[in-house]
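Here is the structure we will look at, set down as structure tokens.
Residue numbers (this note's numbering): 6 to 34.
Set out below in structure tokens:
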């Protein structure tokens, strides 16, 4: 059970990191 929760949290974290990276790239251009 806890492993499922932690994997979802990790997915969310990865998603936000990708969002931030995309925003930085868009801001640079």
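Note that CB positions come from ideal geometry on N, CA and C, so glycine has one too.
Inter-residue spacing [alpha-carbon to alpha-carbon] between residue i and residue j
{"i": "residue 27", "j": "residue 7", "result": "30 Å"}
{"i": "residue 18", "j": "residue 12", "result": "10 Å"}
{"i": "residue 24", "j": "residue 10", "result": "21 Å"}
{"i": "residue 20", "j": "residue 14", "result": "10 Å"}
Beta-carbon proximity list for residue i, same chain, < 6 Å, skipping 5 on both sides
{"i": "residue 22", "result": "none"}
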